[in-house]
Amino acid sequence: MHPSADELLGALGHAVIATDVHGTVLFWNDAAEQLYGWPAADAVGRDITEVTVPTVSRQAAVEIMTALREGRPWSGGFPVQRRGGGVLHALVTDSGVYRDGELIGIVGASLNLADAVRHLMERSSDAAVLIDGQHVVTYASPAVANLFGWAVDGVVGTPLADRIHPEDRDDFEELLAARPTHAERVGELRVRTDETWSWVEVAVTDLYTEPGSHSVVCNIRRSERLARIEERERILEAVHSEVLQDLFAAELELDRALTRAAPPVAPRIAAARDDVARAMSILREVVKP
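Taking the working numbering, I'd label the letters of the sequence shown as residues 4 to 292.
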């Protein structure tokens with residue numbers, strides 16, 4: 004005895020939903036019940052927009068339907084709705100069912116993308132945060148504590164910009180606003196770590212590519228290049244200050260020596276003092292802290 008198509012679809016770990024071309028639910032497997040919170044008995048016969056598609060995604064759903072009518076499957080990240088109105092992040096693959104070249108139905112398979120993304124984030128050595136359309140952190144990986152000393156519970160629910168240097172916040176906004184089609188959306192900026200600011204590299208990736216979706220993954224790592232530059236600047240500033248102090252002390256000593264010097268020696272001391280003063284002037288102009 005061979006299993007039926009319904010039994011095979013029901014056994015899949017992914018949520019599988021079938022609708023007609025008008026969006027009426029025809030099939031709803033056990034995994035769909037778990038993912039969306041609707042029993043099959045309540046979901047079948049309803050319009051798909053009532054049980055899975057939140058308001059922010061309806062325009063995207065229209066575009067997906069257009070693609071299917073043109074004979075193209077669609078796959079990608081998509082915000083979906085649970086019973087009760089909660090929105091979760093899902094990876095959805097929609098395929099058309101055709102008869103004689105005409106679209107007669109749609110089969111969609113989906114899984115909880117947040118779980119998959121969270122698993123990858125937690126295994127990454129980079130810090131990773133998920134932010135919503137208001138740039139509020141909805142998830143932060145454990146690495147934020149290891150790299151920057153941020154308590155995960157203290158990060159989630161707060162704007163990420165609160166931890167970014169005020170002078171770098173516009174750059175961060177530009178990164179978020181850049182078109183997703185850009186090959187690289189990477190920037191360098193400063194974030195608060197304990198009581199100091201540290202240079203980091205931030206890579207921005209849209210969790211979804213559809214209109215109406217605004218969740219973004221930010222991968223954050225320390226910028227070793229800018230950290231080295233910053234360290235060199237600190238060393239240079241320290242050396243600059245120390246050398247200036249030494250030259251100033253030498254100038255004072257030469258002034259005192261000049262007041263006590265015998266006439267034959269005085270011109271040489273005066274010349275040495277002038278050289279020290281010139282060196283101090285050059286140091287201030289050329290090697291500024």
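Beta carbons: idealized from backbone N, C-alpha and C, even for Gly.
Please work out which residues of its chain come closer than 6 Å, Cβ to Cβ, to residue i, disregarding the five sequence neighbours upstream and downstream, and give them in chain order.
i, result
"Trp-31", "Ile-20, Ala-43, Ala-46, Val-47"
"Arg-49", "Val-28"
"Arg-72", "Leu-106"
Could you give the residue range of the alpha helix (DSSP H) that holds residue i?
i, result
"Val-155", "155–158"
"Asp-173", "172–180"
"Val-147", "146–151"
Identify every residue that forms a DSSP beta bridge with residue i.
i, result
"Leu-91", "Val-83"
"Pro-162", "Val-139"
"Ile-107", "Answer is none; Ile-107 lacks a bridge partner."
"Ser-98", "Val-110"
"Arg-281", "Beta-bridge pairing links Arg-281 to no other residue."
Output needed for residue i: all residues of its chain with C-beta closer than 8 Å, excluding positions within five of it in sequence on either side, in chain order.
i, result
"Leu-29", "Ala-21, Thr-22, Asp-23, Val-47, Gly-108"
"Val-132", "Val-140, Tyr-142, Ala-143, Ser-144, Val-147, Val-158, Leu-163, Val-220, Cys-221, Ile-223"
Report all residues from its chain with a CB closer than 7 Å to the CB of residue i; omit the five preceding and five following residues, and keep chain order.
i, result
"Gln-84", "Thr-55, Val-56, Pro-57, Val-90"
"Gly-87", "Gly-40"
"Asp-278", "none"
With a 10 Å radius around its C-beta and 16 neighbouring C-beta atoms as the bar for buried, classify residue i as buried or exposed.
i, result
"Arg-312", "A query on residue 312 cannot be resolved here, the shown segment of the chain reaching from 4 to 292 and no further."
"Asn-222", "buried"
"Val-203", "buried"
"His-17", "buried"
"Ser-284", "exposed"
"Phe-175", "buried"
"Arg-166", "buried"
"Leu-38", "buried"
"Leu-179", "buried"
The beta strand (DSSP E) spanning residue i covers which residue range?
i, result
"Val-3", "For the chain, the structure presents residues 4 to 292; residue 3 sits outside this window and is missing."
"Ser-201", "199–209"
"Glu-191", "189–196"
"Ile-167", "No beta strand (DSSP E) contains Ile-167, which DSSP labels as neither H nor E."
Alpha helix (DSSP H) runs wholly inside the region 29–71, at least 4 long, in chain order: 33–39, 43–46, 51–54
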